[in-house]
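Residue numbers for the sequence shown follow our numbering, so the first one is 1 and each next one is one higher. Note that CB positions come from ideal geometry on N, CA and C, so glycine has one too. These notes are about the structure you will find just below.
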Amino acid sequence: MTATDSKKLWWMLGALLCVSFSVLLWMGSEIYRQAPPIPEAFVSDTGELLYTRDDIQTGREVWQSMGGMQLGSIWGHGAYVAPDWSADWLHRESQALLDSMAHDRFGVPLSELGSVDRAALEQALREQIRINTYDPDSERVTLSSARVAAARQTAEHYQSLFGRDPAFRELREQYAMKEGTVEDPERRRQLGAFIHWTAWAAVTERPGQEISYTSNWPSDPSVGNRPTSNIFLWTVFSVLFLIAGVAALAWYHAASGAGEQPKPPASDPLAGLVLTPSMRATAKYFWLVCALFVVQIVLGATTAHYQVEGQELYGMALSDVLPYSLTRTWHTQLGVLWIATAWLATGLFIAPAIGGKEPAWQRAGVNFLFLCLLIIVVGAFVGQWFAVMQQMDLAKNFWFGHQGWEYVDLGRFWQAFLFVGLMLWLLLVGRALWPAMRQRSELRSIVTLLFLSTVAIGLFYGAGLMWGRHTHISMVEYWRWWVVHLWVEGFFEVFATTVIAFIFMRLNLIRPGIAAAAALLSATIFLSGGIIGTCHHLYFSGTPPVALAWGSVFSALEVVPLVLIAFDAMEDLRRSRKSPWVQRYKWP
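Here you go:
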């Protein structure tokens, strides 16, 4: 690869990042501007108070403390043993309202109505339940007295379900809920307020539009929640983009060719690699990865078993000590932690080898970072246990307990601690890479990309610090997927690709220029769909239709590299046959 070719690839990647993040940030502003309003109060048409904004916001904190998305889901995001609480509330409230209307109009229960009368009632229900009565001036939502009564009836169901009512024990077992999930009756009332608000947003039409705040999610024809035309339109466009992307990449692969590859050396170039003290110190990271992986498997098996016995493990009352929401929290959290730890250790190991020397105090930094990771894992898990067992107040829960957001369940203190740890990791890796980045050689391009991916890994976890205790749930979801999608699935992928390309280059299986070009091009392809494609997680999270349009089209492009991954697999297989010593690298 010539210097001109390298510059073109860098300019292409830079332009892609600027344009993609501009679009993603603009969509964030639209989500903020068009998020479902949280009213000052829900009141009846006679002035009776149902819930206040404080009830809704406190109820969300209660929901977070019991495990949040790890027990049931909200707007489709979360666990799926218990129901989606938004959909469940909406259906129960609408059925209660229909039953009330049946008694008022026909003097019989809903179950005794014929299909014609029932259809007439459902039409009347849709006309009532979908209308947006939010007043921007008073910030109040006015509901009919009948609907308030239906909401209260639904709230009684939740009071019993989340408490210890013996009549609901079987249902709690089906939902894998422990007895007394939320012990305090006032907290249960506030929890109901939050779930009621999410159900209201799921069925209430946006001003001037015929779709709800969640784009008619969940599907429930009885209340008029049917797939919108946008869903069909952008699904078709996404398929067309996928086909075009695969065709373009296949053409490029065929036109560019594999290029001339160097003849592999007779012996392993890495056999003489001298391990520095800091490189040896990373061994415990990989042992920790193995330990976390094993624990994750055990917790995964336990979590799966809860789908058979909702409160027990082969007769033992496990939910009294380790309820489903807690084992699932730890299981999903460990997946992120061991994967992140593996790549952090890889960066710490490979950086001195690339830089050519061991920076001062590098080993001490590696050991200190390891200690910090242990403290974060243990501290976060202990805090989550106290939170789920309802032994922590709501303010402390936000900082040290369970935030309730899947994959980023850590309390804010532990999140901030981990972010500081990532900054230390960035410093350790960056200063080890610095000598190689200063050299004007063929290696400079790929080393610079490796360093920039390290910077992205360190900084982008900070997106998880962008929300507070009372930030709107739509905005929390927006920033949460910056962490889960961009941090884990995006920049870690770029980092991994660059590391693998560098290893092949050091093994003299590909030329430095080709390794750099492949890494840059791969990063560009990954991120072309991945950045804007973040919004494919936000279709129904109280977001405007623009998230559906951009997210569906660009997320389809994320599949393009996977379709052609067989070409890379064949190239790797050919390389493995070039020399006997290469066979040792066939398996990781």
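- By the Cβ-count criterion, Ala102 is buried, with 16 or more other Cβ atoms from all chains shown falling within 10 Å of its own Cβ.
- At least 8 angstroms separates the beta-carbon of Val236 from that of Leu125.
- In the DSSP assignment, the residues bridged to Glu205 are Ser212.
- Looking only at Glu186, Arg152 and Glu406, the smallest Cα-Cα distance to Ala96 is reached by Arg152.
- Here Met316 is exposed. Its C-beta has fewer than 16 other C-beta atoms within 10 Å.
- Leu143: member of the beta strand (DSSP E) spanning Arg140 to Leu143, first to last residue.
- When Cβ pairs closer than 8 angstroms are counted between the two stretches, the region 422 to 440 is seen to touch the region 356 to 369, the count reaching three or more.
- DSSP, read as helix, strand or coil, puts Ser73 in strand.
- Judged by their CB atoms, Tyr51 and Ala149 are not nearer to each other than the 8 angstroms cut-off.
- For Leu426, the uninterrupted alpha helix (DSSP H) segment begins and ends at Arg412 to Arg438.
- Uninterrupted alpha helix (DSSP H) stretches at least 4 residues long and entirely within the region 36 to 95 occur at 53 to 65, given in chain order.
- The beta-bridge partner set that DSSP reports for Asn367 is empty.
- Contact between the region 57 to 70 and the region 385 to 403 is present, with at least three C-beta pairs closer than 8 angstroms.
- Using a Cβ distance threshold of 8 angstroms, Val289 and Trp338 count as a contacting pair.
- Under the three-state reduction of DSSP output, Met27 falls in the helix class.
- Rounded to the nearest whole angstrom, the C-alpha separation of Thr543 and Leu242 is 24 angstroms.
- Taking the CA atoms as reference points, Val336 sits about 26 angstroms from Ala353.
- Counting every other CB atom within 10 Å of its CB across the protein chains shown gives Gln439 a total below 16, marking it as exposed.
- In the three-state reduction of the DSSP assignment, Tyr478 falls in the helix class, which pools H, G and I.
- Within the same chain, and ignoring the five residues on either side of Trp234 in sequence, the residues whose Cβ sits closer than 7 angstroms to its Cβ are Leu548, Ala549, Ser552 and Val553.
- Around the C-beta of Pro561, 16 or more other C-beta atoms lie within 10 Å, and the residue is accordingly described as buried.
- For the set His196, Val447, Thr454 and Tyr478, the Cα lying nearest the Cα of Ala515 is the one of Val447.
- The three-state secondary structure of Tyr134, taken from DSSP, is strand.
- Between Ala380 and Trp414 the beta-carbon gap is near 4 angstroms, inside 8 angstroms, which marks them as a contact.
- Excluding the 5 residues flanking it on each side, Leu443 has same chain C-beta neighbours closer than 7 angstroms at Ala436 and Pro512, in chain order.
- Here the alpha carbon of Arg469 sits roughly 18 angstroms from the alpha carbon of Ile31.
- Taken atom to atom, the span from the alpha-carbon of Arg164 to that of Glu183 is near 8 angstroms.
- Within the model, the alpha-carbon separation for Asn367 versus Leu275 is close to 16 angstroms.
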